[in-house]
Amino acid sequence: MRPIFSPAPGLLLLGLCAACSPDAGSQSAFVAPQCRFDVDREPELVEGDVNHYCRDGYRYDVSYDLCVDKDTAIGPFPNEMVALCRECGLHACEQTDWPVNQARRMRGPETCPHGTQETDLGLCVDDRHAYGPFSAEMVERCIDNGGGEYTCKTMRWDRRFAEAIAAGIDPGNSMGPTMLAGDWQYPLPLDHGLRADGFGGGHFGASRSGNAGGHSGIDILAPIGTPLAAVCDGTVRYAGWVHGYGNFVQILCPIPSSVTGGASLYASIAYAHLDEINVTTDDAVNGGTVVGTVGKTGNASADGLHAHVHFEIAVHDTLHAASVEGHASSNHAGSSGGSKLVEELYAACLDPNGFEPTTGPVNKGRRIDPFLLLSCITSKPNLTAPPSALQSQLHAWSEHYAATTFDVDVGL
Ligand SMILES: [Zn+2]
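Numbered by the working numbering, the letters in the sequence shown go through residues 54 to 465 in order.
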């Protein structure tokens, strides 16, 4: 017998997801077919299939064209799958890897994953990306061409890069980093990646309890006492104690016109949880001026939460607007300068380098992901192992970012 409400395939994609809601008429227990966790084809798992490379410990699921282990399927997955996941009210939508049956169900039965199309070269693509599993040979060539070992072994590559690889072209040299390294300076003399511990992830947009917008900066891991440099020539707007942020320094700088399309935009840059503060409100700073040292003050003082600098950049149209930026974690308002910078940064740096976050947004309102902006206009040190006490907290940049013309873990 036909169910009372049986949406045609694709109906949910139009946003008509009444069936996902508990208020779907008398069918409150009804779950739209696309949202169910049961799967209607038997998974068929093979190991070591050279035409469908899966990371160590994962097997290729022939029935669903996924790389899976007992619990998870390797992502990241197409935006339309993520949107469907959200509409269905599922909880792991923002994660890179998904619970295995969620991935099977959201992927759909077609040759290519839901929201993608097959090209003449046999790739499954959407506007920006191509989706695996790719062959062992393609993965190897992806790594040889500087795609980054971690990224090459995920399910999502930059589309132009994947198309070159699939066509037998080695894009590495011809693409080359564009607009990387510029006027600004990296805030730390070392690179231990991002903090991740029992208190949560340190990446941009990481979930934070009581803050639906998520994490507004990045938590760069470093031992207590590591000097923190001003990243640009500017002025100290505030240096002192702020509830939650502990010892806090805020500096104001113009953003280099090379990434603003010529527009005059200003950044308010926050360094939080410092051990010591080395500057005073209204001081002038140059790129490299030590503004303080890494610490564990404010809400970073909890046991088990490792020392890091919470580093945050809010973008404004005028110096005055930047000067009244409060960096309140609950305020996610946008600014026209923030939107302008995102647009120009894509054109000047992100698109040409296939550079993107894999686990968070590019911006949240007026805040830009600091790692994206810094990588485009500074030279960071190479990723190195932190002291043993911090080693378990390190998340390599490549776990959160991908690029096709450079390795995100390497200094440039
Ligand atoms: Zn933080």
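For every residue, glycine included, the Cβ atom is placed at its ideal position computed from N, Cα and C.
Source: prediction; values computed, not measured.
Boundaries of the beta strand (DSSP E) in which residue i is found, first to last residue
i: leucine 426; result: No beta strand (DSSP E) contains leucine 426, which is instead part of the alpha helix (DSSP H) from 423–430.
i: valine 362; result: 361–369
i: arginine 112; result: 112–114
i: aspartate 328; result: 319–330
i: aspartate 250; result: 247–250
Straight-line gap, residue i to residue j (C-alpha atoms, nearest Å)
i: glutamate 397; j: arginine 94; result: 45 Å
i: serine 428; j: valine 284; result: 12 Å
i: proline 434; j: leucine 426; result: 15 Å
i: leucine 119; j: tryptophan 450; result: 24 Å
i: glycine 390; j: proline 423; result: 15 Å
i: glycine 246; j: serine 321; result: 22 Å
i: valine 415; j: tryptophan 151; result: 21 Å
i: proline 186; j: alanine 456; result: 18 Å
i: aspartate 197; j: alanine 85; result: 44 Å
i: glycine 401; j: proline 96; result: In the sequence on display, residue 401 carries alanine and not glycine. Those two C-alpha atoms are separated by around 44 Å.
i: proline 276; j: proline 440; result: 8 Å
i: serine 116; j: histidine 448; result: 33 Å
i: histidine 296; j: glutamine 148; result: 30 Å
i: threonine 334; j: asparagine 352; result: 22 Å
i: glycine 413; j: aspartate 122; result: 24 Å
i: serine 74; j: glutamate 140; result: Low confidence applies to serine 74: its pLDDT is 40, below 50, so where it sits in the model is not reliable, and the reading given next is rough at best. If I take the Cα positions, the gap works out to 9 Å.
i: glutamate 329; j: alanine 282; result: 13 Å
i: alanine 145; j: glutamate 452; result: 17 Å
i: aspartate 244; j: glycine 101; result: 35 Å
i: aspartate 286; j: aspartate 336; result: 11 Å
i: leucine 443; j: serine 354; result: 15 Å
i: glutamate 202; j: aspartate 356; result: 34 Å
i: asparagine 154; j: cysteine 177; result: 21 Å
i: cysteine 138; j: glycine 128; result: 13 Å
i: tyrosine 454; j: glycine 110; result: 22 Å
i: tryptophan 237; j: phenylalanine 130; result: 34 Å
i: aspartate 179; j: alanine 323; result: 36 Å
Pick from the options that is closest to residue i, judged by C-alpha positions
i: isoleucine 308; options: Tyr184, Asn416, His369; result: His369
i: leucine 372; options: Thr333, Leu305, Gly348; result: Leu305
i: tryptophan 294; options: Gly110, Thr288, Gln303; result: Gln303
i: lysine 349; options: Phe301, Ser451, Lys417, Ser317; result: Phe301
i: cysteine 88; options: His105, Cys107, Gly161, Val99; result: Gly161
i: threonine 437; options: Val192, Gly251, Ile273; result: Ile273
i: tyrosine 533; options: Thr412, Ser310, Leu403; result: This structure cannot speak to residue 533, because the chain is shown only from 54 to 465.
i: arginine 112; options: Glu163, Ala219, Lys206; result: Lys206
i: alanine 220; options: Leu143, Gly175, Val347, Glu329; result: Gly175
i: alanine 126; options: Leu98, Cys141, Leu243; result: Leu98
i: isoleucine 421; options: His105, His256, Tyr184; result: His256
i: glycine 278; options: Leu241, Arg157, Val332, Val121; result: Leu241
i: cysteine 107; options: Glu163, Tyr184, Asn154; result: Tyr184
i: threonine 231; options: Thr458, Gly297, Phe364; result: Thr458
i: glycine 418; options: Thr411, Leu443, Ser432, Ser392; result: Ser392
i: arginine 290; options: Tyr454, Thr172, Ala375; result: Ala375
i: threonine 288; options: Val312, Asn339, Thr313, Tyr324; result: Asn339
i: alanine 189; options: Asp180, Asn104, Gly235; result: Asn104
i: alanine 386; options: Trp237, Ala367, Gly128; result: Ala367
is_contact[residue i, chain B] using C-beta, thresh 8 Å
i: glycine 287; result: Looking for chain B here will not work: only one protein chain is present.
Start and end residues, alpha helix (DSSP H) containing residue i
i: asparagine 300; result: Unbroken run through asparagine 300 is the beta strand (DSSP E), 299–307; no alpha helix (DSSP H).
i: histidine 373; result: 372–376
i: glycine 391; result: 389–398
i: valine 135; result: 132–140
i: valine 289; result: Valine 289 -> not in any alpha helix (DSSP H); beta strand (DSSP E) instead, spanning 287–295.
i: glutamine 238; result: No alpha helix (DSSP H) holds glutamine 238; DSSP gives it neither H nor E.
i: leucine 443; result: 441–444
i: valine 103; result: Per DSSP, valine 103 belongs to no alpha helix (DSSP H) and is neither H nor E.
i: asparagine 154; result: 153–160
i: aspartate 197; result: 189–197
Residues that DSSP places opposite residue i in a beta bridge
i: threonine 346; result: Pro280
i: tyrosine 184; result: Cys177, Arg209
i: leucine 274; result: His361
i: tyrosine 117; result: Paired residue(s): none; tyrosine 117 is not in a bridge.
i: tyrosine 454; result: Pro410
i: lysine 417; result: Arg420
i: alanine 337; result: Thr288
i: histidine 448; result: Leu247
i: threonine 125; result: Pro152
i: leucine 436; result: Asp244
i: arginine 89; result: DSSP lists no partner for arginine 89.
i: leucine 95; result: In the sequence on display, residue 95 carries glutamate and not leucine. None, per the DSSP bridge assignment.
i: glutamate 171; result: Cys177
With a cut-off of 8 Å, do at least 3 Cβ pairs link the segment 165–176 to the segment 123–138?
yes
Below 8 Å, can you find three or more Cβ-Cβ pairs linking the segment 257–275 to the segment 378–385?
yes
Any contact between the segment 199–214 and the segment 247–256? By contact I mean 3 or more CB pairs, one from each, below 8 Å.
no
Is it a yes or a no for the segment 404–415 touching the segment 337–346, going by three-plus beta-carbon pairs under 8 Å?
no
The segment 258–265 touching the segment 312–327, judged by at least three CB pairs closer than 8 Å
no
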